[in-house]
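K.L.:
In the numbering used here, the protein residues as written are 14 to 75. After the structure tokens below, expect a handful of questions from me.
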């Protein structure tokens, strides 16, 4: 599967679309690294973000 790096800017309407896309890519078997800003965590999210948050096969790495 693919290895994907996503970097979102801390601007309105940039983070939420990726909050849907990143888990879907992981569910499809891709390795995804996502860098974003901590204070823009989606309100419905159950995980705690951090600067340079990385998803890798469904696991979180900081």
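In this text, a Cβ means the ideal position worked out from N, Cα and C, and glycines have one as well. From a predicted model like this one, the values you see are computed outputs, not experimental measurements.
1) Across which residues does DSSP place residue 16 in a beta bridge pair?
2) Apply the 10 Å Cβ neighbour rule to residue 45 and answer buried if 16 or more other Cβ atoms are within range, or exposed otherwise.
3) Mapping DSSP to helix, strand and coil, what is residue 32?
4) Roughly how many whole angstroms lie between the Cα atoms of residue 15 and residue 32?
P.N.:
So, to answer that:
1) 44
2) buried
3) helix
4) 18 angstroms
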